[in-house]
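Notes follow the structure.
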Amino acid sequence: MKYPTTWLQGASLGERIACELRLQIIRGMQTPGTVLSENQIATDFGTSRSPVREAMKVLSSEGLIRLERMGAVVIGMTPDDMEELFDVRMLIEHFVVQRYVHRDNTILVTTLNQMIDKMEVALKHRDIAEFSLQDFNFHESLVLEAGHTRILHTWNGMRQLILTVMLAATEQRFASNIEESQVTIRKHRTFANALNQASAQELSRLIEEHYRDTRNAVNDSVLSSYRKTLS
Numbered sequence: 000m001k002y003p004t005t006w007l008q009g010a011s012l013g014e015r016i017a018c019e020l021r022l023q024i025i026r027g028m029q030t031p032g033t034v035l036s037e038n039q040i041a042t043d044f045g046t047s048r049s050p051v052r053e054a055m056k057v058l059s060s061e062g063l064i065r066l067e068r069m070g071a072v073v074i075g076m077t078p079d080d081m082e083e084l085f086d087v088r089m090l091i092e093h094f095v096v097q098r099y100v101h102r103d104n105t106i107l108v109t110t111l112n113q114m115i116d117k118m119e120v121a122l123k124h125r126d127i128a129e130f131s132l133q134d135f136n137f138h139e140s141l142v143l144e145a146g147h148t149r150i151l152h153t154w155n156g157m158r159q160l161i162l163t164v165m166l167a168a169t170e171q172r173f174a175s176n177i178e179e180s181q182v183t184i185r186k187h188r189t190f191a192n193a194l195n196q197a198s199a200q201e202l203s204r205l206i207e208e209h210y211r212d213t214r215n216a217v218n219d220s221v222l223s224s225y226r227k228t229l230s
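In terms of numbering that gives the first Met the number 0, the sequence shown is residues 0 to 230.
And the structure:
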């Protein structure tokens with residue numbers, strides 16, 4: 000699957016190239032150690048080398064590639080990288096939910112449930128891109144509505160990587176174990192409806208439970224190609 004074009008509205012050519020290469024790396028189509036040539040990528044995308052360099056800088060900042068003199072070497076997402084990504088995400092959501100305790104979250108809960116409704120429709124129609132996007136939007140809404148500028152800055156630095164991992168994981172789950180996506184929907188619904196009534200401790204417990212299950216599912220799907228390169 001290619002990176003969804005509907006997600007690229009307003010993106011520069013360099014950003015578009017970065018999105019496609021990021022997905023290829025996370026899906027294992029570009030394996031660790033592969034040398035990426037600026038000239039070849041420019042030819043593949045029908046562009047000059049300037050947007051390719053822009054894309055390479057972005058992917059390097061995310062730790063997916065190592066820049067070399069005439070191109071780059073793929074590093075990819077190792078198991079440790081994936082663990083760290085989940086660690087940071089869970090720390091952020093642990094923090095932001097504390098800001099929802101003892102306040103009226105009615106509007107947010109309604110918004111989150113609407114996203115979950117869209118996830119259910121996407122699951123019914125096997126729409127990988129829409130399911131992934133709404134799953135991502137659910138978590139991003141929790142960060143945005145918390146109104147913490149520095150946390151949001153940290154989140155924005157990882158958002159494209161998080162979104163792409165979700166896309167790759169959803170693709171694998173839909174192909175091999177689609178029932179897990181129904182479990183994801185139920186856990187999202189439980190958490191959303193708890194925002195107006197649960198304690199900070201209970202919300203934290205739900206987040207930990209969700210991330211534990213999601214971490215295992217994503218590791219099994221997204222990292223399978225990485226493990227094959229080591230065998």
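Don't be surprised by glycine CBs; every beta carbon is placed ideally from N, CA and C. Bear in mind that the values here come from a model prediction, so they are computed numbers and not experimental data.
Test item: CB-CB of residue i and residue j under 7 Å
i             : j             : result
methionine 0  : glutamate 170 : yes
isoleucine 24 : leucine 63    : yes
proline 31    : glycine 70    : no
lysine 123    : glutamine 133 : no
valine 108    : leucine 194   : yes
alanine 17    : leucine 58    : yes
Local conformation of residue i per DSSP, three classes
i             : result
isoleucine 74 : coil
glutamine 23  : helix
lysine 117    : helix
glutamine 29  : coil
glycine 146   : coil
lysine 123    : helix
glutamine 133 : helix
serine 140    : helix
Exposed unless 16 or more other CB atoms sit within 10 angstroms - verdict on residue i
i              : result
glycine 234    : The chain is shown only over 0 to 230; residue 234 falls outside these bounds and no answer can be derived.
isoleucine 184 : buried
isoleucine 177 : exposed
threonine 101  : A small fix is needed here, since residue 101 is histidine in this sequence, not threonine. By the neighbour-count rule (16 or more Cβ atoms within 10 Å), histidine 101 is not buried but exposed.
isoleucine 106 : exposed
valine 72      : exposed
Do the stretch 160–169 and the stretch 38–58 make contact, defined as three or more Cβ pairs closer than 8 Å? no
Count the C-beta pairs between the stretch 78–93 and the stretch 192–210 that are closer than 8 Å, then say yes if the count reaches three, no if not. yes
Residue ranges of each beta strand (DSSP E) run of no fewer than 3 residues wholly in the stretch 34–105, ordered along the chain? 34–36, 64–67, 70–73
Note down, one range per segment and in chain order, each alpha helix (DSSP H) of at least 4 residues found wholly within the stretch 155–221. 178–193, 199–221
Pair every Cβ in the stretch 137–155 with every Cβ in the stretch 65–83, then say whether three or more of these pairs are closer than 8 Å. no
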